[in-house]
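**Student:** Quick note: the sequence shown uses our numbering, first residue 9, plus one each step. Glycine included, every Cβ here is placed at the ideal spot set by N, Cα and C.
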Amino acid sequence: MKTAIWLYMFLFLAFFDLHAQYPILTPFAVSLGAAPVFIGWMMGIYALTHLPGNLIAGTVIDRHGSRRYIIFSLVSAGIVLLLQSQVHYPWQLLVLRSISGFVLAFLSPACLTLLASLSSDKVTQGKFMSGHGVVHTLASVVSPAAGAFIVAKAGYSATFQSLGWLLIATGLMAIFSVPGAARKAAQSAAEAPEAAVNATSTKVQVPWRIYILPFVISCSQGILFFELPLRSTGVEGIKSTGILFSIMSIGALLTLSMLFVNRYSPYKRVLSGILLLAVCFYSLAALQSIPLTAALFVLGMAKGVIFPAMASLFIQLSGGIKLGRVFSLQSIAMSIGSFIGPIAAGQLRDFVSPYFIAFVLLMTGLMLLPISRKPGSLLYPNVNQTPAS
């Protein structure tokens with residue numbers, strides 16, 4: 009539990025640092041003379057360079073454990089931010105954003121793998137995943153406003169320097185605070201021998217169609233992050249949009265705090281969460297009588313159900329084997345979705361509501377899910393468990 013607390017602190021500082029850049033990057037690029045098309049590529053290149061990083065992360069985390077890659081990701085991203093404070097041309101910012109996307113691709117798979125290795129109990133693992141979601145959501149609530157405040161007081165260069173040193177300090181703290189025992193546990197869990205797996209009832213694998221889930225979810229998020237800020241402009245519009253995103257994060261915090269939800273089947277939680285998410289996007293597209301704040305609050309609640317349940321589902325389906333590879337594939341699917349979603353919304357918004365596109369994607373993802381009622385299927389709860397006496 010002590011390791012989990014330290015890891016949550018590192019994650020909060022890292023997520024705080026990263027989310028604080030969201031309201032900064034676009035105006036900073038404009039101040040450098042970047043055109044709107046260039047800014048779009050600058051935002052998209054981050055997701056694209058995530059892909060090779062995720063592919064490498066899946067193999068090396070399983071082989072060497074999570075600890076060293078958490079440290080590498082945090083320190084490297086901090087150095088990139090220090091360099092970013094010194095740029096004078098848009099192309100320099102594009103290069104640094106691409107590097108940042110690559111080095112940070114190791115952070116999420118490594119953290120999730122380490123958290124999952126801290127316990128073999130499914131309910132406890134679910135609580136750890138919920139804690140990860142709570143930390144991420146808390147950081148996303150407070151950090152954008154904090155980043156904008158720092159820029160207003162100190163300017164872009166000082167802001168990037170302070171954020172960079174914070175990431176470097178967090179990485180150095182991880183060297184001394186994450187014990188070697190946790191690292192060995194993560195490595196042994198990732199490298200469990202094939203014979204141990206075959207000794208159980210069946211060898212479990214993650215069906216490829218399950219990776220549709222993170223893809224369609226990140227697509228819908230990308231569409232929301234693209235479309236919502238376009239509803240208003242100017243300083244007051246930016247403030248209004250920030251409040252709306254905070255309302256969504258508060259909704260996610262509500263369901264993430266309901267730890268008793270982790271006792272239910274992760275597959276059922278994922279299904280219900282995606283269905284609720286799809287209904288929210290449909291209401292945004294077609295039911296204008298529903299207040300926007302209410303729709304976004306419920307949408308946040310759905311996200312709070314989905315993300316820890318999806319992580320628990322991947323752990324369950326993988327049987328705890330090769331978690332680094334499993335979570336890296338999940339991150340790859342989310343990176344692709346984050347890149348495709350805004351592009352699709354920008355191309356089709358003159359013909360159809362982008363929110364309706366998100367609704368169709370989510371419902372399609374639900375219909376493509378593998379449905380199996382064979383004995384031993386982990387898509388259904390308790391079928392592999394011995395009945396209680």
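Is PHE364 helix, strand or coil by DSSP?
**Tutor:** Taking the first residue of the sequence shown as position 1, residue 364 is located at position 356. PHE364 falls in the helix class under three-state DSSP.
**Student:** Quick one: residues in its chain with C-beta nearer than 6 angstroms to the C-beta of GLY86, no 5 flanking neighbours on either side, listed in chain order?
**Tutor:** Counting from one through the sequence shown, the residue named residue 86 turns up at place 78. Correct list, in chain order: GLY172, LEU175 and ILE176.
**Student:** How far does the alpha helix (DSSP H) with GLN100 in it extend, from its first residue to its last?
**Tutor:** As a working mapping, residue 100 is identified with position 92 in the sequence shown. It spans 98-111 - the alpha helix (DSSP H) in which GLN100 sits, taken as one unbroken run.
**Student:** Using the three-state DSSP reduction, which class does TYR272 fall into: helix, strand or coil?
**Tutor:** Start at 1 with the first residue of the sequence shown, and residue 272 comes out as number 264. If DSSP states are grouped into helix, strand and coil, TYR272 belongs with coil.
**Student:** When the Cα atoms are used, what is the spatial distance from PRO274 to THR132?
**Tutor:** Position 266 of the sequence shown, counted from the first residue, corresponds to residue 274. Position 124 of the sequence shown, counted from the first residue, corresponds to residue 132. Using only the alpha carbons, I get a separation of about 13 angstroms.
**Student:** Using DSSP with H/G/I as helix, E/B as strand and the rest coil, what is SER397?
**Tutor:** Taking the first residue of the sequence shown as 1, we reach residue 397 at position 389. Confidence in SER397 is poor, its pLDDT being 34 and thus under 50, which makes the residue's placement unreliable; the coordinate value appears in the next sentence. SER397: coil per DSSP, three-state reduction.
**Student:** Output the distance between the C-alpha atoms of ALA353 and PHE322, rounded to the nearest integer angstrom.
**Tutor:** For the purposes of this step, residue 353 is taken as the residue at position 345 of the sequence shown. For the purposes of this step, residue 322 is taken as the residue at position 314 of the sequence shown. Looking at the two C-alpha atoms, the distance is approximately 29 angstroms.
**Student:** For ILE298, which of helix, strand or coil comes out of DSSP?
**Tutor:** Translated into positions along the sequence shown, residue 298 becomes position 290. Note: ILE298 maps to coil in three-state DSSP.
**Student:** Between LEU279, PHE168 and LEU337, which lies nearest to LEU101 when the distance is taken from Cα to Cα?
**Tutor:** For the purposes of this step, residue 101 is identified with residue 93 of the sequence shown, where counting begins at 1. Considering only alpha carbons, the answer is PHE168.
**Student:** How long is the line joining the alpha carbons of GLN296 and GLU235, rounded to whole angstroms?
**Tutor:** The sequence position of residue 296 within the sequence shown is 288, counting from 1. The sequence position of residue 235 within the sequence shown is 227, counting from 1. Each residue's Cα considered, the two are about 16 angstroms apart.
**Student:** Just reading off the alpha helix (DSSP H) that PRO117 is part of, what are its end residues?
**Tutor:** The sequence position of residue 117 within the sequence shown is 109, counting from 1. Its alpha helix (DSSP H) spans residues 115-125.
**Student:** Measure the C-alpha to C-alpha separation of ILE69 and PHE110 and round it to an integer number of angstroms.
**Tutor:** As a working note, residue 69 is residue 61 in the sequence shown. As a working note, residue 110 is residue 102 in the sequence shown. Their backbone Cα atoms lie some 15 angstroms apart in a straight line.
**Student:** Which residues in the same chain have their Cβ closer than 7 angstroms to the Cβ of PHE36, if we skip the five residues on either side of it in sequence?
**Tutor:** Translated into the one-based positions of the sequence shown, residue 36 becomes position 28. Hits under 7 angstroms: TYR164.
**Student:** Out of curiosity, what's the CA-to-CA distance linking ARG333 and CYS227?
**Tutor:** Numbered from its first residue, the sequence shown carries residue 333 at position 325. Numbered from its first residue, the sequence shown carries residue 227 at position 219. Going by the C-alpha atoms only, they are around 22 angstroms apart.
**Student:** So ILE79 and GLY179 are supposed to be a Cβ contact under 8 angstroms. How far apart are they, rounded?
**Tutor:** The residue you call residue 79 lines up with position 71 of the sequence shown. The residue you call residue 179 lines up with position 171 of the sequence shown. With 8 angstroms as the limit, ILE79 and GLY179 qualify as a contact, their Cβ atoms being about 5 angstroms apart.
**Student:** Please report how far the alpha carbon of ILE225 lies from the alpha carbon of ILE282, in whole angstroms.
**Tutor:** As a first step, residue 225 must be located in the sequence shown, where it is residue number 217. As a first step, residue 282 must be located in the sequence shown, where it is residue number 274. The straight-line gap from Cα to Cα measures roughly 8 angstroms.
**Student:** Could you check the C-alpha separation between PRO117 and ILE158 for me, to the nearest Å?
**Tutor:** Numbered from its first residue, the sequence shown carries residue 117 at position 109. Numbered from its first residue, the sequence shown carries residue 158 at position 150. Computed Cα separation, rounded: 30 angstroms.
**Student:** For the alpha helix (DSSP H) containing TRP173, name the first residue and the last one.
**Tutor:** Mapped onto the sequence shown, residue 173 falls at position 165. TRP173 -> alpha helix (DSSP H) spans 164-185.
**Student:** Between which two residues does the alpha helix (DSSP H) holding ARG75 run?
**Tutor:** Along the sequence shown, one-based indexing puts residue 75 at 67. Its alpha helix (DSSP H) spans residues 75-92.
**Student:** When you compare the CB positions of HIS27 and SER151, do they come within less than 9 angstroms of one another, or not?
**Tutor:** Counting from one through the sequence shown, the residue named residue 27 turns up at place 19. Counting from one through the sequence shown, the residue named residue 151 turns up at place 143. Against a cut-off of 9 angstroms, the Cβ pair of SER151 and HIS27 comes out as a contact.
**Student:** Flag GLN100 as yes when its Cβ comes closer than 8 angstroms to any non-hydrogen atom of the ligand ZN, and as no otherwise.
**Tutor:** Among the ligands in the structure shown, none appear at all, so the ligand ZN cannot be discussed.
**Student:** Less than 9 angstroms between the beta carbons of PRO222 and GLY345, yes or no?
**Tutor:** Taking the first residue of the sequence shown as 1, we reach residue 222 at position 214. Taking the first residue of the sequence shown as 1, we reach residue 345 at position 337. Result yes, Cβ atoms of PRO222 and GLY345 sit closer than 9 angstroms.
**Student:** Between the alpha carbons of ARG277 and ILE314, how many angstroms are there, rounded?
**Tutor:** What you label residue 277 is simply residue 269 of the sequence shown in a count that begins at 1. What you label residue 314 is simply residue 306 of the sequence shown in a count that begins at 1. Answer to the nearest angstrom: the Cα atoms are 7 angstroms apart.
**Student:** What does a CB cutoff of less than 6 angstroms around CYS288 pick up in its chain, not counting 5 residues either side in sequence?
**Tutor:** Position 280 of the sequence shown holds residue 288. Result list for CYS288: ALA303, VAL306 and LEU307, in chain order.
**Student:** Expressed to the nearest angstrom, what Euclidean distance is found between the alpha-carbon atoms of GLN94 and ASP358?
**Tutor:** In the sequence shown, counting from the first residue as 1, residue 94 sits at position 86. In the sequence shown, counting from the first residue as 1, residue 358 sits at position 350. Each residue's Cα considered, the two are about 39 angstroms apart.
**Student:** Tell me which same chain residues have a C-beta within less than 6 angstroms of the C-beta of MET181, skipping the five on either side of it?
**Tutor:** Your numbering for residue 181 matches position 173 in the sequence shown. Same-chain partners within the cutoff: there are none.
**Student:** Is the beta carbon of LEU374 closer than 9 angstroms to that of ARG217?
**Tutor:** Along the sequence shown, one-based indexing puts residue 217 at 209. Along the sequence shown, one-based indexing puts residue 374 at 366. Not in contact: ARG217 and LEU374 (Cβ atoms no closer than 9 angstroms).
**Student:** Could you give the DSSP three-state label for VAL95: helix, strand or coil?
**Tutor:** Sequence index remark: in the sequence shown, residue 95 carries index 87 (1-based). DSSP places VAL95 in coil when its eight states are reduced to three.
**Student:** Work out the CA separation of ALA42 and GLY259 for me, nearest whole Å.
**Tutor:** The residue given as residue 259 occupies position 251 in the sequence shown. The residue given as residue 42 occupies position 34 in the sequence shown. Between GLY259 and ALA42, the C-alpha separation is close to 35 angstroms.
**Student:** Assuming contact is defined by CB atoms lying nearer than 9 angstroms, are PHE253 and PRO350 in contact in what I supplied?
**Tutor:** Here residue 253 refers to the residue found at position 245 when the sequence shown is read from its first residue. Here residue 350 refers to the residue found at position 342 when the sequence shown is read from its first residue. Against a cut-off of 9 angstroms, the Cβ pair of PRO350 and PHE253 comes out as no contact.
**Student:** Can the beta-carbon of LEU262 be found closer than 9 angstroms to that of GLY230?
**Tutor:** The residue given as residue 262 occupies position 254 in the sequence shown. The residue given as residue 230 occupies position 222 in the sequence shown. No, the pair does not count as a contact, with Cβ atoms beyond the cut-off.
**Student:** In its own chain, which residues sit with a C-beta less than 6 angstroms from the C-beta of ALA154, not counting the 5 before and 5 after it?
**Tutor:** As a first step, residue 154 is located in the sequence shown; it is residue number 146 there, counting from the start. The answer, listed in chain order, is ALA28.
**Student:** Look at the Cβ atom of VAL83, then the Cβ atom of SER108, and state whether they are nearer than 9 angstroms.
**Tutor:** Sequence index remark: in the sequence shown, residue 83 carries index 75 (1-based). Sequence index remark: in the sequence shown, residue 108 carries index 100 (1-based). Taking 9 angstroms as the Cβ cut-off, VAL83 and SER108 do not qualify as a contacting pair.
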